[in-house]
Amino acid sequence: MAITAIKGFNDILPEESGRWQHIEQAARRVFELNGFAEIRVPVMEKTELFSRSIGDATDIVEKEMYTFTDKGDNSVTLRPEGTAGVMRAFIEHKLYAQDPVAKLYYMGPMFRYERPQKGRYRQFHQIGAEITGVHDPLADAQVLTMLVSFFREIGLTEPVLQINSLGCPDCRPAYREALLAFLEGRLEHLCEDCRRRFTTNPLRTLDCKVPRCVEATAGAPSVLEHLCGGCGEHFAAVQGYLESIGTPYTINPRMVRGLDYYTRTTFEMVTGLLGSQSAVAAGGRYDGLISQLGGPAIPGIGFAMGVERVALLLGEQDFSSRPDLFIATMGAGERAFAFRLMQELLGLGVRVELDYEGKSLKSQMRRADKLGARYSVVVGGNEAASGRAFFKRMEDGIQIEVPLAADDIAKLFL
24 MAITAIKGFN DILPEESGRW QHIEQAARRV FELNGFAEIR VPVMEKTELF
74 SRSIGDATDI VEKEMYTFTD KGDNSVTLRP EGTAGVMRAF IEHKLYAQDP
124 VAKLYYMGPM FRYERPQKGR YRQFHQIGAE ITGVHDPLAD AQVLTMLVSF
174 FREIGLTEPV LQINSLGCPD CRPAYREALL AFLEGRLEHL CEDCRRRFTT
224 NPLRTLDCKV PRCVEATAGA PSVLEHLCGG CGEHFAAVQG YLESIGTPYT
274 INPRMVRGLD YYTRTTFEMV TGLLGSQSAV AAGGRYDGLI SQLGGPAIPG
324 IGFAMGVERV ALLLGEQDFS SRPDLFIATM GAGERAFAFR LMQELLGLGV
374 RVELDYEGKS LKSQMRRADK LGARYSVVVG GNEAASGRAF FKRMEDGIQI
424 EVPLAADDIA KLFL
(Lines of atoms letter the chains of each structure in order from A and count residues from 1; the text may use other names and numbers.)
(Lines give C-alpha, C1' and ligand atoms only; values in the text may rest on other atoms or scores of the structure.)
Protein backbone atom coordinates (compact mmCIF):
# COMPACT_ATOMS: atom_id res chain seq x y z
CA MET A 1 0.00 0.00 0.00
CA ALA A 2 1.33 3.45 -0.92
CA ILE A 3 2.31 5.81 1.89
CA THR A 4 0.37 9.08 1.84
CA ALA A 5 0.87 12.41 3.61
CA ILE A 6 -0.48 12.92 7.14
CA LYS A 7 -3.92 14.56 7.22
CA GLY A 8 -3.54 18.33 7.33
CA PHE A 9 0.10 18.23 6.19
CA ASN A 10 0.16 19.20 2.52
CA ASP A 11 2.64 19.06 -0.34
CA ILE A 12 3.26 22.29 -2.24
CA LEU A 13 3.54 21.12 -5.85
CA PRO A 14 5.54 22.89 -8.60
CA GLU A 15 2.42 24.42 -10.18
CA GLU A 16 1.62 26.03 -6.80
CA SER A 17 5.09 26.96 -5.63
CA GLY A 18 5.35 29.82 -8.13
CA ARG A 19 2.59 31.64 -6.23
CA TRP A 20 4.33 30.96 -2.93
CA GLN A 21 7.62 32.32 -4.26
CA HIS A 22 5.80 35.42 -5.56
CA ILE A 23 4.41 36.02 -2.05
CA GLU A 24 7.71 35.38 -0.27
CA GLN A 25 9.76 37.51 -2.66
CA ALA A 26 7.29 40.40 -2.38
CA ALA A 27 7.41 40.18 1.42
CA ARG A 28 11.21 40.33 1.41
CA ARG A 29 11.19 43.35 -0.93
CA VAL A 30 8.60 45.32 1.03
CA PHE A 31 9.85 44.42 4.50
CA GLU A 32 13.51 45.06 3.74
CA LEU A 33 12.61 48.36 2.06
CA ASN A 34 11.08 49.30 5.43
CA GLY A 35 14.27 48.38 7.28
CA PHE A 36 13.36 44.89 8.51
CA ALA A 37 15.92 42.07 8.71
CA GLU A 38 15.14 38.35 8.56
CA ILE A 39 15.40 36.16 11.65
CA ARG A 40 15.10 32.35 11.56
CA VAL A 41 14.08 30.53 14.72
CA PRO A 42 13.47 26.82 15.46
CA VAL A 43 10.17 25.11 14.70
CA MET A 44 10.24 23.47 18.15
CA GLU A 45 10.46 25.28 21.49
CA LYS A 46 9.93 24.54 25.17
CA THR A 47 6.21 24.28 25.86
CA GLU A 48 6.46 26.88 28.61
CA LEU A 49 7.28 29.57 26.05
CA PHE A 50 3.84 29.29 24.46
CA SER A 51 1.82 28.72 27.64
CA ARG A 52 3.39 31.85 29.18
CA SER A 53 3.10 34.05 26.11
CA ILE A 54 -0.08 32.94 24.33
CA GLY A 55 -2.00 32.21 27.54
CA ASP A 56 -3.19 29.03 29.25
CA ALA A 57 -6.85 29.91 28.62
CA THR A 58 -6.54 30.28 24.85
CA ASP A 59 -7.85 27.69 22.39
CA ILE A 60 -4.35 27.30 20.97
CA VAL A 61 -2.79 26.21 24.27
CA GLU A 62 -5.82 24.30 25.53
CA LYS A 63 -6.66 22.33 22.39
CA GLU A 64 -4.43 22.92 19.37
CA MET A 65 -0.73 22.62 20.20
CA TYR A 66 1.44 19.69 19.11
CA THR A 67 3.10 19.02 22.46
CA PHE A 68 5.39 16.06 23.22
CA THR A 69 7.63 14.76 25.97
CA ASP A 70 11.08 14.14 24.45
CA LYS A 71 13.61 11.51 25.45
CA GLY A 72 15.04 13.87 28.05
CA ASP A 73 11.61 14.11 29.69
CA ASN A 74 11.21 17.71 28.53
CA SER A 75 7.89 19.07 27.33
CA VAL A 76 8.41 20.51 23.84
CA THR A 77 5.97 21.98 21.32
CA LEU A 78 5.95 22.53 17.57
CA ARG A 79 5.49 26.28 17.24
CA PRO A 80 1.84 27.30 16.77
CA GLU A 81 2.77 30.93 15.97
CA GLY A 82 5.90 32.97 15.34
CA THR A 83 6.03 35.95 17.70
CA ALA A 84 6.85 34.04 20.90
CA GLY A 85 9.89 32.32 19.34
CA VAL A 86 11.17 35.55 17.82
CA MET A 87 10.88 37.32 21.18
CA ARG A 88 12.59 34.39 22.93
CA ALA A 89 15.53 34.76 20.52
CA PHE A 90 15.49 38.56 20.96
CA ILE A 91 15.87 38.08 24.74
CA GLU A 92 18.24 35.09 24.72
CA HIS A 93 20.73 36.75 22.36
CA LYS A 94 20.34 40.17 24.01
CA LEU A 95 19.53 41.86 20.72
CA TYR A 96 18.13 44.72 22.80
CA ALA A 97 21.65 45.49 24.03
CA GLN A 98 22.68 46.30 20.45
CA ASP A 99 19.56 48.41 19.89
CA PRO A 100 16.19 48.11 21.65
CA VAL A 101 14.54 49.23 18.40
CA ALA A 102 14.66 46.06 16.30
CA LYS A 103 12.79 45.39 13.07
CA LEU A 104 12.59 41.65 12.38
CA TYR A 105 10.67 39.45 9.95
CA TYR A 106 10.32 35.68 9.60
CA MET A 107 8.67 33.08 7.41
CA GLY A 108 8.11 29.36 7.81
CA PRO A 109 5.82 26.53 8.95
CA MET A 110 3.62 26.57 12.06
CA PHE A 111 1.61 23.70 13.56
CA ARG A 112 -1.84 23.48 15.15
CA TYR A 113 -4.02 20.43 15.64
CA GLU A 114 -7.42 21.56 14.35
CA ARG A 115 -9.89 20.41 11.74
CA PRO A 116 -8.28 20.92 8.33
CA GLN A 117 -10.25 23.18 6.01
CA LYS A 118 -9.59 25.20 2.88
CA GLY A 119 -6.63 27.48 3.50
CA ARG A 120 -6.20 26.24 7.07
CA TYR A 121 -4.16 23.12 7.75
CA ARG A 122 -2.35 21.42 10.61
CA GLN A 123 0.96 22.41 9.12
CA PHE A 124 0.50 25.91 7.78
CA HIS A 125 2.89 28.70 6.86
CA GLN A 126 3.20 32.24 8.11
CA ILE A 127 5.11 35.35 7.19
CA GLY A 128 5.40 37.84 10.03
CA ALA A 129 7.12 41.03 11.12
CA GLU A 130 7.84 42.64 14.49
CA ILE A 131 9.07 46.03 15.75
CA THR A 132 10.39 46.25 19.32
CA GLY A 133 11.37 49.19 21.48
CA VAL A 134 8.87 51.84 20.30
CA HIS A 135 5.82 53.02 22.28
CA ASP A 136 5.00 55.73 19.78
CA PRO A 137 1.87 55.13 17.61
CA LEU A 138 4.04 56.03 14.62
CA ALA A 139 5.40 52.46 14.78
CA ASP A 140 1.85 51.11 14.64
CA ALA A 141 1.15 53.21 11.56
CA GLN A 142 4.31 52.00 9.82
CA VAL A 143 3.50 48.34 10.46
CA LEU A 144 -0.08 48.78 9.23
CA THR A 145 0.97 50.70 6.13
CA MET A 146 3.69 48.16 5.33
CA LEU A 147 1.13 45.36 5.50
CA VAL A 148 -1.23 47.21 3.14
CA SER A 149 1.74 47.90 0.82
CA PHE A 150 2.60 44.20 0.74
CA PHE A 151 -0.86 43.26 -0.57
CA ARG A 152 -0.59 45.97 -3.22
CA GLU A 153 2.84 44.63 -4.18
CA ILE A 154 1.45 41.16 -4.91
CA GLY A 155 -1.38 42.67 -6.96
CA LEU A 156 -4.33 42.42 -4.54
CA THR A 157 -6.76 45.24 -3.72
CA GLU A 158 -8.52 42.84 -1.34
CA PRO A 159 -8.23 42.30 1.62
CA VAL A 160 -9.00 45.49 3.58
CA LEU A 161 -7.51 46.76 6.84
CA GLN A 162 -9.62 46.75 10.02
CA ILE A 163 -8.27 48.15 13.30
CA ASN A 164 -9.30 48.26 16.96
CA SER A 165 -7.80 48.88 20.38
CA LEU A 166 -7.91 46.35 23.23
CA GLY A 167 -6.75 48.84 25.83
CA CYS A 168 -4.08 48.07 28.42
CA PRO A 169 -3.84 46.36 31.83
CA ASP A 170 -5.11 49.59 33.45
CA CYS A 171 -8.36 49.92 31.49
CA ARG A 172 -9.13 46.40 30.28
CA PRO A 173 -10.30 45.01 33.68
CA ALA A 174 -13.21 47.48 33.77
CA TYR A 175 -14.20 46.50 30.25
CA ARG A 176 -13.94 42.82 31.15
CA GLU A 177 -16.36 43.33 34.03
CA ALA A 178 -18.79 45.20 31.79
CA LEU A 179 -18.62 42.43 29.19
CA LEU A 180 -19.12 39.71 31.82
CA ALA A 181 -22.20 41.50 33.14
CA PHE A 182 -23.57 41.70 29.59
CA LEU A 183 -22.87 38.04 28.80
CA GLU A 184 -24.20 36.65 32.07
CA GLY A 185 -27.82 36.97 31.01
CA ARG A 186 -27.11 35.44 27.60
CA LEU A 187 -25.14 32.32 28.51
CA GLU A 188 -27.88 29.95 27.37
CA HIS A 189 -27.68 31.44 23.86
CA LEU A 190 -23.91 30.93 23.54
CA CYS A 191 -22.16 27.90 22.04
CA GLU A 192 -20.32 25.46 24.27
CA ASP A 193 -16.92 27.04 23.54
CA CYS A 194 -18.17 30.53 24.40
CA ARG A 195 -19.77 29.32 27.65
CA ARG A 196 -16.37 27.94 28.58
CA ARG A 197 -14.70 31.21 27.55
CA PHE A 198 -17.13 33.18 29.74
CA THR A 199 -14.88 32.79 32.77
CA THR A 200 -11.49 32.19 31.16
CA ASN A 201 -11.38 34.59 28.19
CA PRO A 202 -14.71 36.41 27.71
CA LEU A 203 -13.38 38.77 25.01
CA ARG A 204 -13.13 35.77 22.67
CA THR A 205 -16.92 35.45 22.62
CA LEU A 206 -16.97 38.57 20.42
CA ASP A 207 -14.83 36.78 17.85
CA CYS A 208 -17.02 33.66 17.63
CA LYS A 209 -18.46 33.01 14.14
CA VAL A 210 -21.32 30.71 15.32
CA PRO A 211 -24.51 32.53 14.21
CA ARG A 212 -26.27 32.27 17.57
CA CYS A 213 -23.23 33.74 19.34
CA VAL A 214 -23.01 36.59 16.83
CA GLU A 215 -26.69 37.36 17.49
CA ALA A 216 -26.41 37.03 21.28
CA THR A 217 -23.44 39.40 21.50
CA ALA A 218 -24.75 41.94 18.99
CA GLY A 219 -25.32 44.60 21.66
CA ALA A 220 -22.15 43.92 23.68
CA PRO A 221 -20.37 46.95 25.16
CA SER A 222 -17.50 48.26 23.04
CA VAL A 223 -13.94 48.17 24.34
CA LEU A 224 -13.45 51.58 22.71
CA GLU A 225 -15.89 53.07 25.23
CA HIS A 226 -13.72 51.86 28.13
CA LEU A 227 -10.24 53.02 27.03
CA CYS A 228 -8.20 55.01 29.52
CA GLY A 229 -6.88 58.41 28.48
CA GLY A 230 -3.52 57.06 27.32
CA CYS A 231 -5.01 54.27 25.23
CA GLY A 232 -7.59 56.60 23.72
CA GLU A 233 -4.90 59.10 22.70
CA HIS A 234 -2.72 56.34 21.29
CA PHE A 235 -5.54 54.93 19.14
CA ALA A 236 -6.49 58.40 17.89
CA ALA A 237 -2.86 59.08 16.95
CA VAL A 238 -2.63 55.81 14.98
CA GLN A 239 -5.70 56.83 12.99
CA GLY A 240 -4.27 60.31 12.42
CA TYR A 241 -1.01 58.94 11.02
CA LEU A 242 -2.86 56.52 8.71
CA GLU A 243 -5.11 59.27 7.40
CA SER A 244 -2.19 61.66 6.87
CA ILE A 245 -0.62 59.28 4.33
CA GLY A 246 -3.82 57.89 2.83
CA THR A 247 -3.66 54.36 4.23
CA PRO A 248 -7.29 53.12 4.07
CA TYR A 249 -8.79 51.46 7.14
CA THR A 250 -12.05 50.85 9.00
CA ILE A 251 -12.63 50.47 12.74
CA ASN A 252 -14.01 47.12 13.91
CA PRO A 253 -14.87 47.49 17.63
CA ARG A 254 -15.68 43.76 17.92
CA MET A 255 -12.22 42.65 16.83
CA VAL A 256 -10.31 40.71 19.47
CA ARG A 257 -7.29 38.49 19.11
CA GLY A 258 -6.92 34.90 20.29
CA LEU A 259 -3.58 35.52 22.04
CA ASP A 260 -3.40 36.95 25.55
CA TYR A 261 -0.36 39.15 24.96
CA TYR A 262 -2.06 41.81 22.80
CA THR A 263 -2.56 45.35 24.13
CA ARG A 264 -3.82 48.56 22.53
CA THR A 265 -3.71 48.45 18.71
CA THR A 266 -4.98 45.25 17.09
CA PHE A 267 -5.70 44.75 13.41
CA GLU A 268 -6.68 42.33 10.66
CA MET A 269 -6.59 42.23 6.88
CA VAL A 270 -10.07 40.89 6.08
CA THR A 271 -11.55 39.57 2.85
CA GLY A 272 -14.84 38.10 1.75
CA LEU A 273 -13.24 36.41 -1.26
CA LEU A 274 -12.69 33.12 0.58
CA GLY A 275 -16.38 32.41 1.12
CA SER A 276 -17.02 34.37 4.33
CA GLN A 277 -15.41 37.27 6.18
CA SER A 278 -11.97 35.87 6.81
CA ALA A 279 -8.70 37.28 8.14
CA VAL A 280 -5.64 36.53 6.03
CA ALA A 281 -3.28 38.60 8.20
CA ALA A 282 -3.57 39.84 11.76
CA GLY A 283 -1.57 41.27 14.61
CA GLY A 284 -1.28 43.89 17.27
CA ARG A 285 0.76 45.58 19.96
CA TYR A 286 2.22 43.43 22.78
CA ASP A 287 3.86 45.88 25.17
CA GLY A 288 4.15 43.44 28.09
CA LEU A 289 5.27 40.27 26.29
CA ILE A 290 9.04 40.76 26.34
CA SER A 291 9.18 41.40 30.09
CA GLN A 292 6.72 38.53 30.64
CA LEU A 293 9.23 36.20 28.96
CA GLY A 294 12.11 37.38 31.15
CA GLY A 295 13.44 40.26 29.09
CA PRO A 296 13.51 44.00 29.73
CA ALA A 297 10.35 46.14 29.73
CA ILE A 298 10.42 46.82 25.99
CA PRO A 299 7.24 47.26 23.92
CA GLY A 300 6.52 45.58 20.60
CA ILE A 301 4.06 45.35 17.76
CA GLY A 302 3.81 42.88 14.90
CA PHE A 303 1.67 40.72 12.63
CA ALA A 304 1.56 37.42 10.81
CA MET A 305 -0.17 36.38 7.60
CA GLY A 306 -1.24 32.93 6.44
CA VAL A 307 0.59 32.06 3.23
CA GLU A 308 -1.96 29.41 2.22
CA ARG A 309 -4.79 31.94 2.45
CA VAL A 310 -2.89 34.63 0.57
CA ALA A 311 -2.08 32.07 -2.14
CA LEU A 312 -5.80 31.28 -2.44
CA LEU A 313 -6.50 34.98 -3.04
CA LEU A 314 -4.11 34.88 -5.99
CA GLY A 315 -6.33 32.21 -7.54
CA GLU A 316 -4.97 30.43 -10.60
CA GLN A 317 -2.47 33.13 -11.56
CA ASP A 318 0.66 31.49 -12.94
CA PHE A 319 3.92 32.74 -11.43
CA SER A 320 6.01 29.75 -12.45
CA SER A 321 9.26 30.47 -14.24
CA ARG A 322 9.61 29.58 -17.92
CA PRO A 323 12.72 29.07 -20.04
CA ASP A 324 14.07 31.92 -22.12
CA LEU A 325 15.21 29.54 -24.82
CA PHE A 326 14.56 25.97 -25.98
CA ILE A 327 17.31 24.47 -28.14
CA ALA A 328 16.06 21.77 -30.49
CA THR A 329 18.67 19.59 -32.24
CA MET A 330 18.75 17.39 -35.33
CA GLY A 331 21.26 14.74 -34.25
CA ALA A 332 23.63 13.46 -31.57
CA GLY A 333 26.52 15.65 -32.72
CA GLU A 334 24.40 18.77 -32.56
CA ARG A 335 23.17 17.78 -29.09
CA ALA A 336 26.74 17.90 -27.79
CA PHE A 337 27.15 21.33 -29.42
CA ALA A 338 23.83 22.49 -27.90
CA PHE A 339 24.81 21.21 -24.46
CA ARG A 340 28.01 23.26 -24.47
CA LEU A 341 26.08 26.32 -25.66
CA MET A 342 23.47 25.75 -22.96
CA GLN A 343 26.11 25.78 -20.20
CA GLU A 344 27.61 29.02 -21.51
CA LEU A 345 24.16 30.66 -21.59
CA LEU A 346 23.32 29.45 -18.08
CA GLY A 347 26.52 31.08 -16.92
CA LEU A 348 25.23 34.36 -18.38
CA GLY A 349 21.89 34.06 -16.59
CA VAL A 350 19.80 32.81 -19.54
CA ARG A 351 17.35 30.02 -18.68
CA VAL A 352 17.75 27.26 -21.27
CA GLU A 353 16.14 23.88 -21.89
CA LEU A 354 16.97 21.27 -24.51
CA ASP A 355 16.04 17.76 -25.55
CA TYR A 356 17.75 15.00 -23.53
CA GLU A 357 16.38 11.95 -25.35
CA GLY A 358 16.95 12.45 -29.08
CA LYS A 359 13.24 12.82 -29.86
CA SER A 360 11.87 13.98 -33.19
CA LEU A 361 12.00 17.65 -34.05
CA LYS A 362 8.20 17.79 -33.88
CA SER A 363 8.24 16.35 -30.34
CA GLN A 364 10.93 18.80 -29.29
CA MET A 365 8.92 21.78 -30.51
CA ARG A 366 5.83 20.50 -28.70
CA ARG A 367 7.89 20.44 -25.51
CA ALA A 368 9.10 24.00 -26.15
CA ASP A 369 5.45 25.05 -26.34
CA LYS A 370 4.52 23.10 -23.21
CA LEU A 371 7.32 24.74 -21.21
CA GLY A 372 6.28 28.20 -22.43
CA ALA A 373 9.72 29.03 -23.82
CA ARG A 374 10.09 32.63 -25.01
CA TYR A 375 12.31 31.62 -27.97
CA SER A 376 13.26 28.41 -29.71
CA VAL A 377 16.11 27.58 -32.05
CA VAL A 378 16.79 24.51 -34.20
CA VAL A 379 20.45 23.51 -34.39
CA GLY A 380 21.31 21.13 -37.22
CA GLY A 381 24.54 20.40 -39.09
CA ASN A 382 24.34 23.54 -41.22
CA GLU A 383 23.77 25.80 -38.21
CA ALA A 384 26.58 24.22 -36.22
CA ALA A 385 28.96 24.56 -39.18
CA SER A 386 28.03 28.16 -40.08
CA GLY A 387 27.75 29.36 -36.50
CA ARG A 388 24.42 31.10 -37.20
CA ALA A 389 20.77 30.14 -36.69
CA PHE A 390 17.25 31.56 -36.73
CA PHE A 391 15.72 32.16 -33.30
CA LYS A 392 11.91 31.99 -33.28
CA ARG A 393 9.93 34.21 -30.90
CA MET A 394 7.24 31.80 -29.76
CA GLU A 395 4.45 34.27 -29.05
CA ASP A 396 4.24 35.60 -32.62
CA GLY A 397 6.51 33.37 -34.75
CA ILE A 398 8.93 36.16 -35.73
CA GLN A 399 12.41 34.79 -36.55
CA ILE A 400 15.70 36.57 -35.95
CA GLU A 401 19.08 35.36 -37.28
CA VAL A 402 21.71 35.45 -34.54
CA PRO A 403 25.27 34.08 -34.30
CA LEU A 404 25.46 30.87 -32.26
CA ALA A 405 27.70 32.51 -29.68
CA ALA A 406 26.53 32.80 -26.06
CA ASP A 407 27.25 36.53 -25.80
CA ASP A 408 25.22 37.31 -28.92
CA ILE A 409 22.31 35.06 -27.94
CA ALA A 410 22.17 36.52 -24.43
CA LYS A 411 21.42 39.97 -25.88
CA LEU A 412 17.96 38.67 -26.81
CA PHE A 413 17.13 38.25 -23.12
CA LEU A 414 19.33 40.45 -20.94
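Here the sequence shown stands for residues 24 to 437, numbered as in this note's numbering.
The beta-carbon is built from N, C-alpha and C at its ideal position, and this holds for glycine as well.
Predicted, not measured: the structure shown is a model, and the values here were computed from it.
Residue i at chain D interface by Cβ criterion, 9 Å
i: Glu137; result: Looking for chain D here will not work: only one protein chain is present.
Identity of the residue in the options nearest residue i by Cα
i: Leu101; options: Ala359, Pro65 and Asp216; result: Pro65
i: Gly295; options: Cys214, Ile150, Phe413 and Leu335; result: Leu335
i: Phe413; options: Asp419, Ala407, Asn405 and Val401; result: Val401
i: Tyr89; options: Arg145, Asp96 and Gly58; result: Arg145
i: Asn405; options: Gly356, Phe290, Glu376 and Glu418; result: Gly356
i: Glu266; options: Gly58, Arg374, Met130 and Leu161; result: Leu161
i: Tyr284; options: Lys69, Leu312, Asp122 and Thr273; result: Leu312
i: Gly156; options: Arg277, Leu179, Pro182 and Ala120; result: Ala120
i: Arg63; options: Val279, Glu331 and Gly108; result: Gly108
i: Arg195; options: Gly208, Arg287 and Glu339; result: Arg287
i: Phe59; options: Tyr379, Glu153, Ala259 and Val330; result: Glu153
i: Met133; options: Phe362, Glu104, Tyr272 and Asp419; result: Glu104
i: Ala304; options: Gly338, Glu215, Glu238 and Met328; result: Met328
i: Ala428; options: Glu68, Met292, Glu418 and Phe360; result: Phe360
i: Ser76; options: Leu384, Gln366 and Gly318; result: Gly318
i: Tyr128; options: Asp34, Leu203, Lys232 and Arg52; result: Arg52
i: Ala260; options: Asp431, Gly381 and Ala164; result: Ala164
i: Val237; options: Asp159, Leu213 and Ala112; result: Leu213
i: Leu368; options: Trp43, Glu291, Ile83 and Ile432; result: Ile432
i: Val183; options: Val293, Leu364 and Ile423; result: Val293
i: Val279; options: Ala243, Glu256 and Pro271; result: Ala243
i: Asp193; options: Cys254, Glu331 and Arg138; result: Cys254
i: Ser98; options: Glu115, Met110 and Phe73; result: Phe73
i: Glu71; options: Arg111, His148, Gly395 and Leu435; result: Arg111
Assigned exposure category for residue i - 16 Cβ within 10 Å defines buried
i: Gln398; result: Residue identity check: residue 398 is Tyr in the sequence provided, not Gln. Under this definition Tyr398 is a buried residue.
i: Asp347; result: buried
i: Ile150; result: buried
i: Met24; result: exposed
i: Thr289; result: buried
i: Asn224; result: buried
i: Leu56; result: exposed
i: Leu210; result: exposed
i: Thr273; result: exposed
i: Tyr309; result: buried
i: Ile29; result: exposed
i: Leu445; result: Residue 445 lies beyond the range of the chain shown here (24 to 437); nothing can be said about it.
i: Phe258; result: buried
Distance cut-off 8 Å: residue i Cβ against heavy atoms of the ligand MN
i: Phe436; result: You won't find the ligand MN in this model; it holds no ligand whatsoever.
Residue(s) in a DSSP beta bridge with residue i
i: His148; result: Pro132
i: Ser98; result: Thr92
i: Tyr398; result: Leu348 and Arg416
i: Glu61; result: Tyr128
i: Met67; result: Leu101
i: Arg143; result: Gln140
i: Glu238; result: DSSP lists no partner for Glu238.
i: Arg411; result: Pro426
i: Glu211; result: Its beta-bridge partners do not exist; DSSP assigns none.
i: Thr155; result: Ala125 and Gly323
i: Thr273; result: Gln185
The beta strand (DSSP E) enclosing residue i, as first and last residue numbers
i: Ser245; result: Looking at the DSSP string, Ser245 is not in any beta strand (DSSP E), and its letter there is neither H nor E.
i: Phe326; result: Gly323 to Gly329
i: Ala351; result: Leu348 to Thr352
i: Thr180; result: Unbroken run through Thr180: none, as it is neither H nor E.
i: Ile423; result: Gln422 to Pro426
i: Leu377; result: Val375 to Leu377
i: Glu291; result: Thr286 to Thr294
Delimiting residues of the alpha helix (DSSP H) encompassing residue i
i: Gly307; result: No alpha helix (DSSP H) holds Gly307; the beta strand (DSSP E) holding it covers Ser301 to Arg308.
i: Met365; result: Ala355 to Gly370
i: Met169; result: Pro160 to Glu176
i: Tyr264; result: Gly252 to Ser267
i: Met24; result: Segment: none, Met24 is in no alpha helix (DSSP H) and carries neither H nor E.
i: Leu202; result: Arg195 to Glu207
i: Thr106; result: Thr106 to Glu115
i: Phe221; result: Glu215 to Thr223
i: Phe54; result: Pro37 to Leu56
i: Leu118; result: Leu118 to Gln121
i: Ile313; result: Leu312 to Gln315
i: Gly338; result: Run containing Gly338: none; DSSP gives neither H nor E here.
i: Ala429; result: Ala429 to Ala433
(message) Is it the case that the stretch 132–142 contacts the stretch 162–169, given that we only count it when at least three CB pairs across the two stretches are under 8 Å?
(response) no
(message) Counting beta carbon pairs with one atom in the stretch 408–422 and one in the stretch 371–384, are three or more of them shorter than 8 Å?
(response) no
(message) Counting beta carbon pairs with one atom in the stretch 244–259 and one in the stretch 188–196, are three or more of them shorter than 8 Å?
(response) yes
(message) Does the contact criterion of 3 or more C-beta pairs under 8 Å hold for the stretch 262–278 versus the stretch 197–209?
(response) Because the criterion of three Cβ pairs below 8 Å is not met, the stretch 262–278 and the stretch 197–209 do not touch.
(message) I want to know whether the stretch 313–328 touches the stretch 339–346 - three or more CB-CB distances under 8 Å.
(response) Cβ pair count under 8 Å is below three, so no.
(message) Taking contact to mean 3 or more Cβ pairs, one atom from each stretch, closer than 8 Å, check whether the stretch 111–120 and the stretch 24–39 are in contact.
(response) no
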